[in-house]
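> I'd like to ask you about the structure that follows.
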Amino acid sequence: MMSQADPLSTHDDYDLVVIGSGPAGQRAAVQAAKLGKRIGLVERMPSLGGVCILTGTIPSKTFREAVINIQGAGAFYPGNRTRERPRMEQVLQQVSDVLLAESNVVREQLSRNGVELIRGTGRFKDAHVLEARSLTDVRQIRSKRYLIAVGTRPAAPSDVPVDGRIIMTSDEILALESVPESMVVVGGGVIGIEYASFFARLGVEVTLIDRHEKPISFIDNQIVDELMSQMQDEGVTFHMNDGVSSIRSLHEPSPHAELTLHSGKKIDCATVLYSIGRIAATDTLDLDAAGVEYDERGRLSVDGDYRTNVPHIYAAGDVIGFPALAATSSEQGRIATCRMFGIQTAKMGSHYPYGIYSIPEISMVGKTEEQLRSEGTKFVVGMARYREIARGQILGDETGLFKMLFSTETKELLGVHCIGTGATELVHVGQAALKLGGGLSYFLETVFNYPTLAECYKVAAFDAANKIGYLPESERLDH
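Its first residue numbered 2, the sequence shown is counted upward by one per residue in the working numbering.
So this is what it looks like as structure tokens:
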């Protein structure tokens, strides 16, 4: 069993103490344990798994599946909103079940590898001693190395009265007692766009406000336009290039919020979700006592080995900023542990995929059209639409869009972008091709299972080849 802390013990010696049990901390602790090191893991929350499992990735993605399950076979058709708003507990039951199961998986994995769980909030006393304070005891912990993996928390302006009932962040959104009649989402990043699409499907009148021209602006413009179009079909109203000038909560005649936008537009709604980014959850660590440097958002700077400016203190995961994905955080934690114990493992690859679990979902790997144009790279676009793919018809998804970008000179694959059912799974074929140097010929000559969504690769490849009159070497005739 995972050992619990002795309330009277002090100055325990560890090879590594990890602060935080999210993807980076969990993977780092397990990797160190497999190297035969004595590991302590400090966690302040009652459940394990960090933001990823408790309030972030897993809850939001499970919420999405619950919404789709409620809708059944018509879930993929834009405009097919739920006629009667379901009870919130009906939506959240699946979320609760998955959170409990995933937290138990983390607990069992740490226990199986002999990682010692230390309950409490960690705070540095100096660069070598960490205090872990819980409701029942205070421990002084000494370790040869530390890995900070505390993740992030939602950011909100100081003048926004977040109360968890009318105005909330993503940490509180799933504690709603009922599905609201209306909702304003402030911020068109990944979290904002996901929840906007979820609640729109539940019949909520959703308005999304963002100061940029487009939401999720790092995604291919054509894909974003398609998402916005489908969300508008769901009844979502977009106010782009705008922001909130003032906001207040009112309780008469019923609880609601009043917002005034920079444009002068006034909006009344039952609920407001503030989703304007995240800041590192380092404020309780007393980093100054350890001499660890951080920026205005609490994020830590690290070198190629994930070492901070204090040589024996490392950091990994969302706390170090971009790309701040659960998958990349996990890999960073593993690499950091290997490096600190002298194992020169390979760097994390650059071709990692992005997944946005809106309805419909989006995924991409590689470069966008906008990036390639700004670089002056000549490229060709190959397109496939789900309505032309048998599997798309079988699934009832006629709106999906898939595209590949190839260099017109070398024919190498430069990027894959998709919106539609299974996009976050489908993208991994392109990821492998990017890593291994696959190009247009590979997709033209490869047989894919039929009927599958992977057939999109074949269709898009032929589309690209036809546009530039390209034949692979194996099909060219000698004259």
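The C-beta atom is built at its ideal place from N, Cα and C for all residues, glycine as well.
1) Could you have a look at Glu371 and say whether DSSP puts it in helix, strand or coil?
2) Which residues share a DSSP beta bridge with Phe125?
3) For Val430 and Glu371, what's the separation of their Cα atoms in angstroms?
4) Could you pull out every residue in the same chain whose Cβ sits closer than 6 angstroms to the Cβ of Ala33, ignoring the five residues on either side in sequence?
5) Taking DSSP as the reference, what is the three-state secondary structure of Asp243?
6) Between the C-alpha atoms of Met384 and Val293, what's the straight-line distance to the nearest angstrom?
7) Which residue's Cα is closest to the Cα of His257: Glu182, Leu93, Pro60?
8) So for Val68, helix, strand or coil by DSSP?
9) If you compare alpha carbons, which of Ala424, Lys459, Leu373, Gly152 is closest to Thr58?
10) By Cβ distance, which residues of its chain are closer than 7 angstroms to Asp398, with the 5 residues on each side in sequence left out?
11) For Gly244, which of Asp221, Thr208, Met229 has the nearest alpha-carbon?
12) Is Ser97 buried or exposed, if buried means 16 or more other CB atoms sit within 10 Å of its CB?
13) Given this structure, state the Cα-to-Cα distance separating Met232 from Ala201, to the nearest angstrom.
14) Answer yes if the stretch 21-29 comes into contact with the stretch 309-324, meaning at least three C-beta pairs across the two stretches below 8 angstroms, and no otherwise.
15) Identify which residue in Ile167, Lys126, Leu118, Asp160 has its Cα closest to the Cα of Cys270.
16) Ends of the alpha helix (DSSP H) at Phe199?
17) Look at the Cβ atom of Ala462, then the Cβ atom of Leu441, and state whether they are nearer than 8 angstroms.
18) Between Glu214 and Ile357, is the Cβ-Cβ spacing less than 8 angstroms?
19) Is DSSP giving Val163 helix, strand or coil here?
20) Excluding the five sequence neighbours on either side, which residues of its own chain have a C-beta within less than 8 angstroms of the C-beta of Ala157, listed in chain order?
21) Which runs of the beta strand (DSSP E) spanning at least 3 residues fall entirely within the stretch 311-397, listed in chain order?
22) Spell out the partners DSSP gives Tyr561 in its beta bridges.
23) Considering only their Cβ atoms, is the gap separating Thr369 from Tyr353 smaller than 8 angstroms?
24) Start and end of the beta strand (DSSP E) containing Val207?
25) Does the Cβ-Cβ distance between Ala150 and Ile20 come in under 8 angstroms?
26) Do the CB positions of Ile314 and Ala291 come within less than 8 angstroms of each other?
27) CB Ala133 to CB Val92, shorter than 8 angstroms?
28) Are Val448 and Val366 closer than 8 angstroms when you measure CB to CB?
29) Which residues bound the beta strand (DSSP E) around Met405?
30) Assign Pro60 to one of three DSSP states: helix, strand, or coil.
31) Do you know offhand how far Gln110's Cα is from Val31's?
32) Output the distance between the C-alpha atoms of Ile395 and Lys404, rounded to the nearest integer angstrom.
33) Can you tell me the Cα-Cα spacing of Pro361 and Ile142, whole angstroms?
34) Provide the residue span of the alpha helix (DSSP H) that contains His429, from first to last.
35) For the candidate residues Ser112, Gln95, Leu251, whose alpha-carbon lies nearest to that of Ile71?
36) Do you know how far the Cα of Phe64 is from the Cα of Pro312?
Concretely, from the data shown:
1) Here Glu371 carries a helix assignment [DSSP, helix/strand/coil].
2) Leu131
3) 22 angstroms
4) Closer than 6 angstroms at Cβ, skipping near neighbours: Leu17, Ile40, Thr338.
5) coil
6) 48 angstroms
7) Glu182
8) It is helical.
9) Gly152
10) Phe77, Tyr387, Gly421, Thr422
11) Thr208
12) Counting the other CB atoms within 10 Å of its CB gives Ser97 a total below 16, which places it among the exposed residues.
13) 8 angstroms
14) Flag = yes, the stretch 309-324 and the stretch 21-29 touch.
15) Of Ile167, Lys126, Leu118, Asp160, the residue nearest in Cα terms is Ile167.
16) 191-202
17) yes
18) no
19) coil
20) Val163, Thr170, Tyr275, Ile277
21) 314-316, 355-357, 363-367, 380-386
22) Lying outside 2 to 480, the shown extent of the chain, residue 561 is not represented and no answer is given.
23) no
24) 206-211
25) yes
26) Ile314 is a Cβ neighbour of Ala291, given a cutoff of 8 angstroms.
27) no
28) no
29) 402-408
30) helix
31) So the alpha carbons of these two residues sit roughly 8 angstroms apart.
32) A direct Cα-to-Cα measurement between Ile395 and Lys404 gives close to 20 angstroms.
33) The alpha-carbon atoms of Pro361 and Ile142 are separated by roughly 47 angstroms.
34) 424-437
35) Gln95
36) 41 angstroms
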